[in-house]
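From first to last, the protein sequence lines are chains A and B. Note that the numbering used here gives residue 209 to position 209 of the first sequence, counting from 1, and the numbers run on in steps of one. Note that the numbering used here gives residue 121 to position 121 of the second sequence, counting from 1, and the numbers run on in steps of one. Everything on this sheet refers to the single structure shown next.
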Amino acid sequence: MDADIKEKTPIVGTTSDKKNEIKIAVNNLSAFFGKNQALREVSLDVKANRVLAIIGPSGCGKSTFLRSINRMHEVAGGTITGEIIFDNEDVMKVDPVYLRRKIGMVFQKPNPFPTMSIYNNVVVGLKLNGIRSKKILDEVVERSLKRVALWDEVKDILNKSGAHISGGQQQRLCIARTLAVEPEVILMDEPTSALDPISTSKIEELMFELKNDYTIVIVTHNMQQASRISDRTAFFYLGQLVEEGTTKDIFINPKHERTENYITGRFG
Amino acid sequence: MKLKHKKRNLRKRKITNVIMLSFSFFAAIVTIIPLALIFYYTISKGIANLNIDFFTKMPTPVGEPGGGMANAIVGTILLILIGGAIGIPLGILSGLYISEFGNNRFGDVVRFLTDVLSGVPSIVVGVVAYTLIVIPMGHFSAFAGGGALAILMIPTITRTTESMINLVPSSYREAGLALGIPKWKTTLAIVLKTAWKGIATGILLGLARAAGETAPLLFTALGNRFWSVNVFQPIASLTVYIYQYATAPFKDWNDQAWTAALVLILMISVLSLFFRFITRSKYKV
């Protein structure tokens with residue numbers, strides 16, 4: 001019996017291998033809005049089941065970088081050169097609609113749809129993509145809301161508007177909505193900057209849980225947050241990637257003076 | 001010394017405040033006076049003939065008492081339905097287009113022309129509909145009338161739709177797209193749905209304006225003394241009846257014109273209540 005288990009252990013233990021697997025490879029990425037260049041030849045790997053934090057002063061291109069990954073930069077009229085490889089495919093060659101189901105996004109301000117109930121907010125991605133079965137939808141609602149630890153708080157008001165709950169709850173609802181379409185990667189664009197400290201810590205705890213199943217890239221203005229939640233950190237400045245490494249290295253032993261100045265609050 | 005100066009200033013401001021406040025209050029009163037007068041006259045003069053017969057019976061020949069305007073009431077409803085069936089989809093879709101995809105020269109041209117169209121006198125629209133629909137068909141018809149009314153309601157609906165959709169925060173659009181929902185579905189199921197209440201107000205304004213038009217109907221739907229619900233035949237309408245009965249030299253016709261006016265106002269009120277009802281939000285935001 002014991003031998004059996006031992007033999008099987010390596011298969012179960014593949015998570016450690018999986019952790020070194022590269023989920024998204026970015027090579028020489030430049031981004032433009034009209035004549036304005038927002039990113040300059042950024043190359044960066046995002047490892048699976050890790051949290052990558054992107055830090056840098058305002059206007060350094062971190063949001064543009066994040067949005068390029070699931071091609072949301074196009075919505076604002078941006079164009080990119082270089083390549084972003086996700087699951088062995090160049091994202092620019094994948095249908096953006098399909099890509100965004102695999103790479104979900106959570107925004108800065110909680111934005112539940114005001115005309116929909118909490119229930120429908122969670123399943124809107126599935127419903128509008130043709131899933132009608134009440135049984136499946138019920139399951140997804142419960143599972144997604146439990147996953148973001150919101151189920152107990154809203155299970156009795158599922159038919160009320162998403163605008164009825166607090167800001168922190170709304171943001172968790174938005175994360176549940178993103179999880180409902182079963183993405184592999186979750187991009188977060190300053191997800192807690194509009195929230196109070198308690199809601200913020202709840203979302204941080206949640207990110208810690210989520211990285212077991214998802215790869216997370218988060219843009220944050222909050223140094224403490226980056227150091228608390230991320231495995232790796234990338235520092236952007238003026239559209240360029242200054243350095244990327246384990247969070248510990250970046251915060252304790254940054255290689256570049258700029259990084260050190262920024263994280264110690266000397267500019268930014 | 002300085003404090004005294006300040007005090008005088010404060011007094012001046014308070015006086016100015018009272019004066020301006022009374023001016024705007026006065027203006028507000030003046031604004032509602034015409035509406036109050038309209039209600040007062042149509043109700044006081046029209047209520048006498050307002051009975052079930054007015055809704056169920058046909059007009060009687062001159063001198064014969066009683067009778068109603070059943071054909072005109074049905075005619076007006078039919079004309080609004082035809083106008084709405086043509087004008088509402090065109091108005092909403094063009095508004096949607098110029099708001100979501102019209103950030104270019106073509107969009108500007110459409111916006112400008114819509115504004116011009118909303119300023120075109122309704123009688124001119126009637127003449128155009130006469131040339132485009134009545135002459136080729138060879139006779140007046142409810143369809144031509146509805147077409148003319150559609151042209152009149154389109155600019156209102158288009159511009160309201162556009163501005164209401166512009167008011168929908170782009171974060172909802174982005175959230176929809178980021179969930180892997182195709183753009184057209186995001187636009188219809190999220191953006192349009194969020195803006196729906198405001199759009200419905202635009203539709204209501206368009207329909208109400210169309211319901212009150214007389215001039216374009218004279219060239220198109222013409223009018224009909226008899227019962228007809230055939231869209232390819234001339235049809236009666238309340239506004240044309242009001243025009244004919246009010247200008248006729250017969251006292252009983254004049255009285256019936258008042259009743260027709262009252263009924264028209266009631267119909268528009270019911271329409272507006274109906275829109276309130278269908279757009280009442282499930283969620284108080």
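A virtual CB, placed ideally from N, CA and C, is assigned to each residue, including glycine.
Query raised in the report: Would you say residue 280 of chain A and residue 165 of chain A are within 8 Å of each other, going by their C-beta atoms?
Result: Any question about residue 280 of chain A goes unanswered here, given that chain A covers just 1 to 268.
Query raised in the report: Would residue 194 of chain B count as contacting chain A if we go by Cβ distances under 8 Å?
Result: yes
Report task. Alpha carbon to alpha carbon, how far is residue 121 of chain A from residue 174 of chain A? Give it in angstroms, no decimals. Result -> 8 Å
Query raised in the report: Going by alpha carbons, who is nearest to residue 85 of chain B out of B:14, B:175 and B:143?
Result: B:143
**Report entry** Between the CA atoms of residue 145 of chain B and residue 297 of chain B - distance to the nearest angstrom
**Finding:** Residue coverage of chain B in this structure runs from 1 to 285, which leaves residue 297 of chain B outside it and unanswerable.
Query raised in the report: Cα-Cα, which of A:52, A:176, A:200 and A:82 is closest to residue 246 of chain A?
Result: Selected option, being the one with the closest Cα: A:52.
Query raised in the report: Between residue 100 of chain B and chain A, is there a C-beta pair that is closer than 8 Å?
Result: no
**Report entry** Any chain B beta carbon closer than 8 Å to residue 128 of chain A
**Finding:** yes
Report task. Please confirm if residue 266 of chain B has its CB atom under 8 Å from at least one CB of chain A. Result -> no
Query raised in the report: Leaving out five residues before and five after residue 16 of chain A in sequence, what residues of the same chain have Cβ atoms less than 8 Å from its Cβ?
Result: Its pLDDT being 47, under 50, residue 16 of chain A is placed unreliably in this model, and the value from its coordinates should be taken loosely. Closer than 8 Å at the Cβ level, and outside the excluded window around residue 16 of chain A, lies no residue.
Requested in this report: For the alpha helix (DSSP H) holding residue 245 of chain A, just list the boundary residues, first then last.
Outcome: No alpha helix (DSSP H) holds residue 245 of chain A; the beta strand (DSSP E) holding it covers 240–246.
Report task. Per DSSP, which residues does residue 41 of chain A bridge with? Please list them. Result -> In DSSP, residue 41 of chain A forms no bridge with anything.
Query raised in the report: Does the beta carbon of residue 114 of chain A come closer than 8 Å to any beta carbon on chain B?
Result: Interface residue (Cβ-Cβ distance to chain B less than 8 Å): residue 114 of chain A is classified as such.
Query - Given residue 33 of chain A as reference, the closest of A:78, A:185 and A:93 once Cα atoms are compared - result: The option with the nearest alpha carbon to residue 33 of chain A is A:78.
Query raised in the report: What is the rounded straight-line gap between the Cα of residue 230 of chain B and the Cα of residue 124 of chain B?
Result: 25 Å
Query raised in the report: Quick check: the region 174–191 of chain A against the region 102–113 of chain A, are there 3 or more CB pairs under 8 Å?
Result: yes
Query raised in the report: From which residue to which residue does the beta strand (DSSP E) around residue 23 of chain A run?
Result: 22–33 is the extent of the beta strand (DSSP E) around residue 23 of chain A.
Requested in this report: Under 6 Å Cβ to Cβ from residue 228 of chain B, same chain only, skipping five residues before and after it: list those, please.
Outcome: 235
Query raised in the report: Of all the residues that make up the region 162–189 of chain B, which are near chain A by a beta-carbon distance shorter than 7 Å?
Result: 171, 172, 174, 175, 177, 178, 179, 180, 181, 182, 185 and 189
Query raised in the report: Three-state secondary structure (DSSP) at residue 232 of chain A?
Result: strand
Report task. Give the straight-line distance between the Cα atoms of residue 100 of chain B and residue 76 of chain A, rounded to the nearest whole angstrom. Result -> 12 Å
Query - Start-end ranges of the alpha helix (DSSP H) lying completely within the region 107–137 of chain B, minimum 4 residues - result: 122–129
Requested in this report: From the DSSP output, in three-state form, read off residue 152 of chain A for me.
Outcome: helix
Requested in this report: Could you say which of B:108, B:206 and B:73 lies nearest to residue 92 of chain B if we only look at CA atoms?
Outcome: B:206
Query raised in the report: The beta strand (DSSP E) spanning residue 208 of chain A covers which residue range?
Result: Note, residue 208 of chain A: premise wrong, no beta strand (DSSP E); alpha helix (DSSP H) at 197–210.
Query raised in the report: Any Cβ of chain B within less than 8 Å of the Cβ of residue 248 of chain A?
Result: no
Report task. Name, going along the chain, the residues of the region 66–95 of chain A whose beta-carbon falls closer than 8 Å to a beta-carbon of chain B. Result -> 70, 72 and 75
Query raised in the report: For residue 111 of chain A and chain B, any beta-carbon pair shorter than 8 Å?
Result: yes
Query raised in the report: For the beta strand (DSSP E) that residue 185 of chain A lies in, which residues bound it at each end?
Result: 185–189
Query - Closer than 8 Å to chain A by CB, residue 273 of chain B - result: no
Query raised in the report: Buried or exposed: residue 184 of chain B, going by 16 or more other Cβ atoms within 10 Å of its Cβ?
Result: exposed
Requested in this report: Could you say if the region 71–79 of chain B and the region 183–199 of chain B meet the contact criterion of at least three C-beta pairs nearer than 8 Å?
Outcome: no
Requested in this report: Report the residue from A:227, A:196 and A:167 whose alpha carbon sits nearest the alpha carbon of residue 263 of chain A.
Outcome: Measuring from the Cα of residue 263 of chain A, the nearest candidate turns out to be A:227.
Query raised in the report: From which residue to which residue does the beta strand (DSSP E) around residue 52 of chain A run?
Result: It spans 51–55 - the beta strand (DSSP E) in which residue 52 of chain A sits, taken as one unbroken run.
Query raised in the report: For chain A, is any of its Cβ atoms less than 8 Å away from the one on residue 285 of chain B?
Result: Residue placement at residue 285 of chain B is flagged as unreliable, the pLDDT there being 44, under the threshold of 50; the coordinate-derived value follows with that caveat. Cβ-Cβ to chain A under 8 Å: yes for residue 285 of chain B.
**Report entry** Nearest-angstrom beta carbon gap, residue 181 of chain A and residue 101 of chain A [assumed within contact, 8 Å]
**Finding:** At roughly 5 Å, the Cβ-Cβ gap stays under 8 Å, so residue 101 of chain A and residue 181 of chain A are in contact.
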